[in-house]
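For reference, the structure is listed below as structure tokens.
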Amino acid sequence: MSAHCQLTGARPGFGNRISHSHRRTSRRFDPNIQRKRYWLPSEGRHVRLVLSARAVKTVDLIGVEAAVARVRARGVKL
4 MSAHCQLTGA RPGFGNRISH SHRRTSRRFD PNIQRKRYWL PSEGRHVRLV
54 LSARAVKTVD LIGVEAAVAR VRARGVKL
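Numbering (our numbering), first residue to last: 4 to 81.
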């Protein structure tokens, strides 16, 4: 599964691991990506979204219709 959110666009961040001796090596900070299925009443079907945990809370707040509209505005086909 790709590590980016369809609603917020959250992608992995990059940085360094720093050991006790202060050696630096590369690392990734991945967003908490979940697959969620929502009922879309206007189309009479379910849609499956790949969302970060923060975006799941956003869908609960603004509603699934508005969230799907935002995802489609980003150019994602559902």
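Where is the CB? At the ideal position from N, CA and C, for every residue including glycine.
If you follow the beta strand (DSSP E) that residue i is in, where does it begin and where does it stop?
{"i": "L52", "result": "R48 to S55"}
{"i": "R31", "result": "R27 to F32"}
{"i": "N19", "result": "G16 to I21"}
Would DSSP call residue i helix, strand or coil?
{"i": "T61", "result": "helix"}
{"i": "L10", "result": "coil"}
Whole-angstrom Cβ separation of residue i and residue j, contact assumed at under 8 angstroms?
{"i": "P44", "j": "P15", "result": "No, P44 and P15 are not in contact; Cβ-Cβ is about 34 angstroms, not under 8 angstroms."}
{"i": "V53", "j": "I36", "result": "6 angstroms"}
Specify, as a first and last residue, the run of the alpha helix (DSSP H) that residue i falls within.
{"i": "R73", "result": "V67 to A76"}
Can the beta-carbon of residue i be found less than 7 angstroms from the beta-carbon of residue j?
{"i": "F17", "j": "R31", "result": "yes"}
{"i": "A69", "j": "L10", "result": "no"}
{"i": "R38", "j": "H49", "result": "no"}
Looking at C-alpha atoms only, which residue of the options is the closest neighbour of residue i?
{"i": "S5", "options": "G66, S55 and I65", "result": "S55"}
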